[in-house]
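Just so you know, the working numbering puts 351 at position 346 of the sequence shown, and the rest follows in order with no gaps.
The beta carbon of each residue, even a glycine, is placed where N, CA and C say it ideally should be.
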Amino acid sequence: LERHEEALGAFGRAIALRPDLAEAHRGRGNSLVALDRAGEALAAYERSLALAPGAAPAHAGYAAALVRLARPDAAVAAARRAIVLDPALPEGHLHLGRAFEALGRLQDAASAARDALRLRPEFPEAWNNLALALHLDDRLDEAEPCYRRALALHPDSAAVHYNLGNLHRDRRQLDAALAAYGRALALDPDHADAHWNRALTWLWQGDWERGWPEYEWRWRRREWPPRAFPQPRWDGGPLDGRTVLLHAEQGLGDTIQFVRYGPLVRARGAGRVVVECQPPLVRLLSGIGGVDEVVATSSALPPFDVHAPLLSLPGLLGTTTASVPAPCPVSAVGGLLPADHSTIRVGLAWSGNPAHPRNARRSCPVHQLGPLAEVPGVTWYTLHHDPSWPVPPIPLERHPAVDSLDGLAALIASLDLVVTVDTVTVHLAGSLGTPAWLLIDFLSDWRWGFEGDRTPWYPSLRLFRQPAAGAWEPVVAAVADALGSWRAPKF
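Printed below as a string of structure tokens:
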């Protein structure tokens, strides 16, 4: 009945009566996994397996807990042990597929889900797993009927409605995505990921009035615990001379984008505004108007009275698409390149941080950048610090300044134009006011919206959008065509 808190009580009473009852320990583990208490579940399964080491269902449950604890390699081993002990146990194949999915082995995940379905065709969790593996492999047309089959078998599954919402979102069917998230939340009001993705969808649509409050659900997600301070969170009210700590919470680009709110916080009556940021940004952000002190996340904090995460500030200050504050210029030392009016000097960044979950989608394959080399009168500079990365078929100059973020900002300030995918480079260029052209994938990030070639976040930025998922060729062609008729402003 999925009444897992009550189940735990019953299993506990059974264990009190029969401490050596392996099935009770296993059942307790199953309920703990369902309650997202995977660490406790692991201990319950271990006790069950100590009592009955040949029990395939306990090995399968152990694999499920290991997946939740981000130990997919160990989960694969546990699930395979379950399958060896009982090849006809659908849950063994189910959890093997989930472990493969966590490892990014999506074809293996789909195969394991199909093995589970051959054993139990009416298995909604396996249909959901198959759908998710296909979905993550960008096989959306194959994934949707599998989600629909899972819902036909289990119409009250918040998890499947949520996953279906993500599929609609990835197709940019935003109203359908919102309806699916709404259904998931009607079934499970505390589904943090559904709240989070609904927030991103509203922000993407430009419905910031609803999007910003919902964005606060990020702190309830498993992978995003909030910072613990004894001082209270600022609620957006008058500050009456108090000291405010504004702290970074996401990537380098996010910090550059949202530090612009420092002066607005000062205008609410702050006595002092302190910004805590990633160490590479300390010098770049020092000297911003309205900010009294910039400290690195690795340093001791000065005294403060209240605090706020940087990306909570748009909601606290009531930002709409019509009231985005101007970016705060980062500190940069230009003049790294000698004057040369015979060429247009363009910086190029074709990839973001490889560890970013969306990097494969937001990065442009280097072999597709070749048409840029055919534009006459352009000198290209790489904006990547790692020379071991694959490079495009374009003659690229490399300036030693790119080896540090400070130097990269100084180089960008010396260029006529920046052409970049969605990474920290675009935020540096935008904050410096350097003309920049952003190559963005079909889904893009919420901050760029989903139509138009301009953004309120950075006036110097022009957007070049994919017309369909994975379609970089028309984006590069449009950039090459625009560059052929573009002339840099001369100062």
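With a beta-carbon spacing of about 5 Å, L99 and A131 fall inside the 8 Å limit used to define contacts. Secondary structure at F105: helix, using DSSP grouped into helix, strand and coil. Nearest Cα to S53 within the set A68, R31, G66: R31. In the displayed model, W239 falls within coil according to three-state DSSP, outside both helix and strand. Taking a C-beta distance under 7 Å as the contact criterion, L183 and T206 qualify as a contact pair. The alpha-carbon separation between P194 and W222 amounts to approximately 12 Å. Every beta strand (DSSP E) of 3 residues or more that sits fully in the segment 309–362 is shown, in chain order, as 311–314, 349–354. For F16, the uninterrupted alpha helix (DSSP H) segment begins and ends at 9–22. Per DSSP, H252 is not a residue of any alpha helix (DSSP H); the beta strand (DSSP E) it occupies stretches across 248–252.
Comparing alpha-carbon positions, the option among A418, L388, S393, A65 lying closest to P405 turns out to be L388.
Taking 7 Å as the cut-off, the beta carbon of D446 is found closer than this to the beta carbon of Q471.
As DSSP reads the structure, I445 sits in a beta bridge with R470. Burial is judged here by how many other beta carbons sit within 10 angstroms of a residue's own beta carbon; H372 has fewer than 16 and is exposed. For the 7 Å CB-CB criterion, L158 and E127 form a contact. For V396, the secondary structure class from DSSP, reduced to helix, strand or coil, is coil. Checking the DSSP bridge columns, you'll see A301 partnered with C282. For P314, same chain residues with a beta-carbon under 7 Å away, outside a window of 5 residues either side, are H252, E254 in chain order.
Straight through space, the alpha carbons of P235 and S303 are spaced by roughly 18 Å.
Counting along the chain, the unbroken alpha helix (DSSP H) around V89 starts and ends at 77–90. Contact between A39 and V72 is ruled out by a C-beta separation of about 13 Å, above the 8 Å threshold. Taking the CA atoms as reference points, I417 sits about 8 Å from L433.
In the DSSP assignment, W385 is bridged to V351, L401. A Cβ-Cβ distance of about 16 Å is found for the pair A118 and L145, leaving them out of contact under the 8 Å criterion. For the pair A414 and A337, the CB atoms are nearer than the 7 Å cut-off. V38: not part of any beta strand (DSSP E); member of the alpha helix (DSSP H) spanning 27–39, first to last residue. Q262 sits buried, since 16 or more C-beta atoms from the chains shown fall within 10 Å of its C-beta. Contact between A189 and H166 holds: their C-beta atoms lie close to 4 Å from each other, under 8 Å.
The residue among R33, Q210, A204, P308 with its C-alpha nearest the C-alpha of G216 is A204.
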